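Asker: For the protein sequence lines, the chains are B and E, in the order given.
Numbering of the first sequence is given in this note's numbering, commencing with residue 1 and proceeding in unit increments.
Numbering of the second sequence is given in this note's numbering, commencing with residue 215 and proceeding in unit increments.
I have a structure I would like to understand better, so I am pasting it below and will then ask my questions one at a time.
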Amino acid sequence: MIQLQSETASYHGVKTLHDIDLQVSKGEKLALVGQSGSGKSTLIKLIYEHYPVNTALVPQDYGLVNNLSVYHNVYIGCLEQHSTFYNLINLIRPKADQVEMVRTILTGLQLEEYLFRPVGRLSGGQKQRVAVARSLFQKGLLLLADEPVSSVDEQQSKVVLKQMLSGFSTVVLALHDIQLALAFCDRIIGLEKGRIVLDSPAEALTEKDLLSLY
Amino acid sequence: MDSAYKHSPAWNVSWLFVLLAGFSLFFSDIEIISLEPWQELKRLFMGLLAPDWSNLSEIGEAFLQTLAFAILGVAGGSVIGFLLAQIFHWRWIQVSCAFIRAIHELFWALIFLQIFGLHPLTGLLAIGLPYAATFAKVYAEILEEGDKSALQAVSLDASRVSTFFYARLPDLWQHFKTYTSYRLECGLRSSAILGFVGLPTLGYTLSSAFMEGHYSVVWALLLLFYLLIATIRYWVRPALLPIYIIAAPFIVANDSTISFDNVQRFFTEDIIPAPIMRGESLSESWHWLSDLLINQALPGIANTVVLTQVALVASGILTLLFFPLISTHFFKPAGRTIGHVLLVILRTTPEYILAYILLQLWGPSMLPAIVALALHNGAIIGHLIGRYSIEIQLRVDASRGLNRYFYELLPRLYGQFLAFLFYRWEIIMRESAILGILGIATLGFYIDSSIQELHFDKAMILIFITALLNVLVDSLSRYLRAKLRLRTNVDCRATNDYCTARE
Numbered sequence: 001m002i003q004l005q006s007e008t009a010s011y012h013g014v015k016t017l018h019d020i021d022l023q024v025s026k027g028e029k030l031a032l033v034g035q036s037g038s039g040k041s042t043l044i045k046l047i048y049e050h051y052p053v054n055t056a057l058v059p060q061d062y063g064l065v066n067n068l069s070v071y072h073n074v075y076i077g078c079l080e081q082h083s084t085f086y087n088l089i090n091l092i093r094p095k096a097d098q099v100e101m102v103r104t105i106l107t108g109l110q111l112e113e114y115l116f117r118p119v120g121r122l123s124g125g126q127k128q129r130v131a132v133a134r135s136l137f138q139k140g141l142l143l144l145a146d147e148p149v150s151s152v153d154e155q156q157s158k159v160v161l162k163q164m165l166s167g168f169s170t171v172v173l174a175l176h177d178i179q180l181a182l183a184f185c186d187r188i189i190g191l192e193k194g195r196i197v198l199d200s201p202a203e204a205l206t207e208k209d210l211l212s213l214y
Numbered sequence: 215m216d217s218a219y220k221h222s223p224a225w226n227v228s229w230l231f232v233l234l235a236g237f238s239l240f241f242s243d244i245e246i247i248s249l250e251p252w253q254e255l256k257r258l259f260m261g262l263l264a265p266d267w268s269n270l271s272e273i274g275e276a277f278l279q280t281l282a283f284a285i286l287g288v289a290g291g292s293v294i295g296f297l298l299a300q301i302f303h304w305r306w307i308q309v310s311c312a313f314i315r316a317i318h319e320l321f322w323a324l325i326f327l328q329i330f331g332l333h334p335l336t337g338l339l340a341i342g343l344p345y346a347a348t349f350a351k352v353y354a355e356i357l358e359e360g361d362k363s364a365l366q367a368v369s370l371d372a373s374r375v376s377t378f379f380y381a382r383l384p385d386l387w388q389h390f391k392t393y394t395s396y397r398l399e400c401g402l403r404s405s406a407i408l409g410f411v412g413l414p415t416l417g418y419t420l421s422s423a424f425m426e427g428h429y430s431v432v433w434a435l436l437l438l439f440y441l442l443i444a445t446i447r448y449w450v451r452p453a454l455l456p457i458y459i460i461a462a463p464f465i466v467a468n469d470s471t472i473s474f475d476n477v478q479r480f481f482t483e484d485i486i487p488a489p490i491m492r493g494e495s496l497s498e499s500w501h502w503l504s505d506l507l508i509n510q511a512l513p514g515i516a517n518t519v520v521l522t523q524v525a526l527v528a529s530g531i532l533t534l535l536f537f538p539l540i541s542t543h544f545f546k547p548a549g550r551t552i553g554h555v556l557l558v559i560l561r562t563t564p565e566y567i568l569a570y571i572l573l574q575l576w577g578p579s580m581l582p583a584i585v586a587l588a589l590h591n592g593a594i595i596g597h598l599i600g601r602y603s604i605e606i607q608l609r610v611d612a613s614r615g616l617n618r619y620f621y622e623l624l625p626r627l628y629g630q631f632l633a634f635l636f637y638r639w640e641i642i643m644r645e646s647a648i649l650g651i652l653g654i655a656t657l658g659f660y661i662d663s664s665i666q667e668l669h670f671d672k673a674m675i676l677i678f679i680t681a682l683l684n685v686l687v688d689s690l691s692r693y694l695r696a697k698l699r700l701r702t703n704v705d706c707r708a709t710n711d712y713c714t715a716r717e
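Below you can see the structure in the form of structure tokens.
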């Protein structure tokens, strides 16, 4: 599914990733853990650059359009799958069948009541869940999500993560929350100063093992 | 729970304006009257291939005059405007300035021509007066919104003047400078078109070349004008300004003298309504006034409003087509360069000149006016929105082409777009009125005809009505911007955006 061999990456001209060797097989659920600045976001970007096809993305800054409704922001995930004409009509008059599909996804993320509200009027946590909803609507073989639950509370984090993991067979999450990483993912990658320093199945690890990374 | 999808207020207002414009189109005469309009247009563009510089002394003289009038008018206007800004909190100053601003430079020129004839004072006041009123307002806003913390730290005993120079001016200097230099660019355009009513500036040479069909001379003049505006930041230097200001009076000076009889007659006879001069009864006066209102003011207002609304919506549509041309989200550098050149030419050419050219080619109807206003204003706002769009960061997986335009960019830019368009509403209306001088039946047409017939009393009333109409549209625009919460960044005044949108 993913094969990176001695890859490096720079961010704003500064090298942030060194000698990255990473193989991910289909069906794996990966968590990238490590301090902020350890290179998690850059690794997510790097993977996206190598595998942009059939990959859904939840970037750290969401990239939502504030003046569009939640529905339309979610629908943006599927723009390429429809004709431009269909998309334009849908922008003016939401298509009923698409609305129903989006509504189902929003219900799973406890957002259904905001279906037609402009994103600009949502809270930070709600926006984050809209960004997740967009990726779920887009579907695909691989989900890359950069801190997808950093702004939602604990109870909702679990709901959101469950939806993401059941929506995609292969998932790579950047997570700073060790507990969530251990509970939801089956493989943990630890990053430190742009290098992979840990790669292990989740059940072989305890919280203590991971704390050394922080 | 929001159960049904609702469109935003901005969407509804936009459609209201589009419908209004569509309705207005029914009442406008849109046709191409001339027999071979495209043949003539082709001849015009053939002139571009070989611009004619042979008449260099005449062209040079026209440009010197254009420059000198612009520099003196803007310099005088900025000094007076700056003084007025200090007392701009007085209500009657605000009202008078709004009123003076609402009257176009060309109308002022028509008025001063009656008073001073072709004396240079006519041109200087025609630019200086409305510019002073605009400077007063914008300078006052700059003073109002600027950082006042330094001011509060100054001892109360310090004099007003020294407080101003030490605690306020240093911080605000850049804002004043940017705005004033931008206005000099506007002043060049104003000065150029004053030639159309007889002053010795660019418009005069241009219209005579045009009438004689010398299109290669027309292009020589236009190309030089673009060059002048494009290089403005190189030749407008603080160190050079005093030289320009000292030299300019010698350039604009001519032999004509001010006849004080004329001045006196203008104020005591010409502009006094005829029935009063003749000592007619109240009913006769009423008859005179109602005749003026019904047969001139009313059709003039109707046509001005029709032209304004159609031109406003057409400008909006062109803006939405133009802005992607210079946006990094749509075109590579080579494509954007073509877009930039197109937009620079369209926004540098004064809309009056554009309308004049199209009118000569297509014959008198509203069409040339609509096209000219839409091209000029669409290019101005398109440039601003295009530059603004570059600031937007899209996701790496963002869609492309039309999907990107409609889903990613348009929703993000729409508020800014409407704000700029509403700012220009009043400017478009002022221009719509003035284009009447070219023969389209807006208010300017009736004003110009009254002056030709030496009915200055009627002309003054019509100019007064034009000004009221502008003030009305200005407040309507302010109301809509507040209602839709359309705000442009205050900070963008530091750039040219604010000034370009506001004029």
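C-beta: ideal position from N, C-alpha, C; glycine also.
Keep in mind the model is a prediction, meaning the values are calculated, not measured.
Give a yes or no on whether 8 Å exceeds the smallest Cβ distance from E:L720 to chain B.
Answerer: The displayed coordinates of chain E run from 215 to 717. Any statement about residue 720 of chain E would go beyond what the structure contains.
Asker: Identify every residue that forms a DSSP beta bridge with B:L165.
Answerer: Answer is none; B:L165 lacks a bridge partner.
Asker: Given 8 Å as the limit, is there contact between the region 637 to 647 of chain E and the region 675 to 690 of chain E, that is, 3 or more CB pairs closer than that?
Answerer: At 8 Å Cβ cutoff, the stretches touch.
Asker: Using a Cβ-Cβ cut-off of 8 Å (strictly less than) and excluding sequence neighbours within five positions of E:N226, which residues of its own chain qualify?
Answerer: So no residue of the chain qualifies.
Asker: For B:N54, collect the residues of the same chain with a Cβ closer than 7 Å to its Cβ; drop the 5 residues on either side in sequence, then sort them by chain order.
Answerer: For B:N54, where only same-chain residues beyond five positions count, the Cβ hits under 7 Å are G140, L141, L142.
Asker: Taking DSSP as the reference, what is the three-state secondary structure of E:E250?
Answerer: Looking at E:E250 - three-state DSSP - the assignment turns out to be coil, as it is neither helix nor strand.
Asker: Cα separation between E:T709 and E:L233?
Answerer: Confidence at E:T709 is low in this model, with a pLDDT of 40, below 50, so its placement is unreliable and the value that follows should be read with caution. Rounded to whole angstroms, E:T709 to E:L233 spans 34 Å at the Cα level.
Asker: If the criterion is Cβ atoms closer than 8 Å, does the pair E:E319 and E:L408 meet it?
Answerer: Cβ distance < 8 Å, so E:E319 and E:L408 count as in contact.
Asker: Secondary structure at E:P223, three-state DSSP: helix, strand or coil?
Answerer: Helix.
Asker: When you compare the CB positions of B:I188 and B:E207, do they come within less than 8 Å of one another, or not?
Answerer: Going by C-beta atoms, B:I188 is not nearer than 8 Å to B:E207.
Asker: Taking 8 Å as the threshold, find out whether the region 125 to 133 of chain B comes into contact with the region 591 to 607 of chain E through three or more Cβ pairs.
Answerer: No, the region 125 to 133 of chain B does not touch the region 591 to 607 of chain E.
Asker: Closest to E:F410 by CA distance: which of E:L383, E:W387, E:A323, E:A347 is it?
Answerer: Selected option, being the one with the closest Cα: E:A323.
Asker: Where do the ends of the beta strand (DSSP E) carrying B:K45 lie?
Answerer: Not the beta strand (DSSP E): B:K45 falls in the alpha helix (DSSP H), residues 40 to 50.
Asker: Just the Cα atoms here: how many angstroms apart are E:Y213 and E:N269?
Answerer: Residue numbering for chain E in the displayed model covers 215 to 717; residue 213 of chain E lies beyond these limits and cannot be assessed.
Asker: With the cut-off set at 8 Å, would you say B:V152 and B:G125 are in Cβ contact?
Answerer: In contact: B:V152 and B:G125 (Cβ atoms closer than 8 Å).
Asker: Starting from B:E7, trace the alpha helix (DSSP H) in both directions and tell me its first and last residue.
Answerer: Unbroken run through B:E7 is the beta strand (DSSP E), 2 to 11; no alpha helix (DSSP H).
Asker: Determine the direct distance from the alpha carbon of E:L575 to that of E:Y712, and round the result to whole angstroms.
Answerer: Residue confidence is low: E:Y712 scores 48 on pLDDT, short of 50, so the model does not pin down where it sits. Its coordinate-derived value is still stated next. Spanning the two alpha carbons is a distance of roughly 34 Å.
Asker: Could you work out which residues of chain E lie near B:V65, taking near to mean beta carbons separated by less than 8 Å?
Answerer: Chain E residues near B:V65: Y621, E622, P625, R626.
Asker: Are any of the Cβ atoms in chain B nearer than 8 Å to that of E:R609?
Answerer: Closer than 8 Å: yes.
Asker: Using the C-alpha atoms, what's the distance from E:N509 back to E:V288?
Answerer: Whole-angstrom Cα-Cα distance: 37 Å.
Asker: Using a C-beta cutoff of 8 Å, does E:Y602 count as contacting chain B?
Answerer: No, its Cβ sits nowhere closer than 8 Å to a Cβ of chain B.
Asker: Can the beta-carbon of B:N66 be found less than 8 Å from the beta-carbon of B:P148?
Answerer: Not in contact: B:N66 and B:P148 (Cβ atoms no closer than 8 Å).
Asker: Quick one: what's got a C-beta closer than 6 Å to E:T562's C-beta in the same chain, skipping five residues either side?
Answerer: Correct list, in chain order: Y440, I443.
Asker: For B:E28, which residues from the same chain have a beta carbon less than 7 Å from its beta carbon, with the 5 sequence-adjacent residues on both sides left out?
Answerer: Answer for B:E28: T170, D186, R187, listed in chain order.
Asker: Can you find a C-beta in chain E that's less than 8 Å from the C-beta of B:P148?
Answerer: Judged by the 8 Å Cβ criterion, B:P148 is not in contact with chain E.
Asker: Touching or not, the region 572 to 591 of chain E and the region 521 to 533 of chain E, by the rule of three or more beta carbon pairs under 8 Å?
Answerer: Segments in contact, yes.
Asker: Are the C-beta atoms of E:K220 and some chain B residue less than 8 Å apart?
Answerer: Output row for E:K220: interface = yes.
Asker: Are any of the Cβ atoms in chain E nearer than 8 Å to that of B:I44?
Answerer: Answer no: the Cβ-Cβ gap between B:I44 and chain E never drops below 8 Å.
Asker: Using 8 Å as the limit for Cβ to Cβ distance, is E:S613 near chain C?
Answerer: Given the protein chain composition of this structure (B and E), no chain C is represented.
Asker: Along the chain, where does the beta strand (DSSP E) that runs through B:E192 open and close?
Answerer: Segment 187 to 192, the beta strand (DSSP E) holding B:E192.
Asker: Here's the rule I'm using: 16 or more other beta-carbon atoms within 10 Å means buried, otherwise exposed. How should E:F536 be labelled?
Answerer: Buried, since its Cβ has 16 or more Cβ neighbours within 10 Å.
Asker: Quick check on B:I2 - is its C-beta less than 8 Å from some C-beta in chain E?
Answerer: So, not an interface residue.
Asker: Do E:L521 and E:S228 count as a contact pair if the criterion is CB distance below 8 Å?
Answerer: No, the Cβ-Cβ distance between E:S228 and E:L521 is not below 8 Å.
Asker: Please go through the same chain and pick out, in chain order, the residues whose beta-carbon is closer than 6 Å to the beta-carbon of E:F349, but skip the five residues on each side of it.
Answerer: G291, S292, G295, listed in sequence order.
Asker: Could you compute how far the alpha carbon of E:S613 sits from the alpha carbon of B:P94?
Answerer: Their Cα atoms are separated by approximately 19 Å.
Asker: Please confirm whether B:T16 and B:G34 have their CB atoms less than 8 Å apart.
Answerer: Not closer than 8 Å, so no.
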